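Here is the structure we will look at, set down as structure tokens.
In our numbering, the protein residues as written are 5 to 135.
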């Protein structure tokens with residue numbers, strides 16, 4: 005955002021924001037959809053091109069224990085799958101998801117590879133919308 009590489013940043017599933025994060029989101033006009041009032045029926049339309057960055061610690065720890073920062077009340081795997089599908093549906097016919105990444109996976113904290121499998125599933129869902 006600082007260097008102008010992105011014109012818009014939208015975040016879903018935010019549980020807590022400290023003062024600095026609020027200041028930064030205000031400074032860069034970040035659109036934040038917090039967990040406490042998340043409504044998947046009110047997802048905004050995105051302009052092309054679209055890049056998706058999935059932060060694994062946005063999931064509830066029950067679904068993704070393999071992250072560095074555990075915070076209850078996060079997204080479920082079904083909510084994120086629905087979000088990925090909704091984003092693709094509300095895009096125009098010529099929607100262009102140009103890339104994606106998955107961040108904040110910590111294998112040292114994972115339990116029976118639950119988070120690794122979830123990350124792979126999410127990437128598969130995202131990639132299926134790119135082809």
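Built from N, CA and C at the ideal position, the CB exists for glycine as well.
Note that the structure is predicted; figures quoted are calculated from it, not measured.
Alpha-carbon spacing of residue i relative to residue j, whole angstroms
| i | j | result |
| --- | --- | --- |
| residue 77 | residue 130 | 23 Å |
| residue 118 | residue 128 | 15 Å |
| residue 3 | residue 114 | Nothing about residue 3 can be read from this structure; the chain reaches only from 5 to 135. |
| residue 91 | residue 84 | 10 Å |
| residue 38 | residue 15 | 8 Å |
| residue 135 | residue 19 | 32 Å |
| residue 124 | residue 68 | 12 Å |
| residue 104 | residue 10 | 14 Å |
| residue 49 | residue 56 | 14 Å |
| residue 54 | residue 132 | 14 Å |
| residue 7 | residue 32 | 11 Å |
| residue 40 | residue 25 | 17 Å |
| residue 116 | residue 65 | 14 Å |
| residue 72 | residue 12 | 27 Å |
| residue 89 | residue 45 | 12 Å |
Extent of the continuous alpha helix (DSSP H) run through residue i
| i | result |
| --- | --- |
| residue 123 | 118-134 |
Beta-bridge pairing of residue i - partner residues as DSSP gives them
| i | result |
| --- | --- |
| residue 103 | 55 |
| residue 79 | 63 |
Task: Touch test, the region 58-68 against the region 107-114, Cβ-Cβ under 8 Å, three pairs minimum - done: yes
Task: Runs of beta strand (DSSP E) wholly within the region 13-76 (minimum 3 residues, chain order) - done: 14-18, 35-38, 54-59
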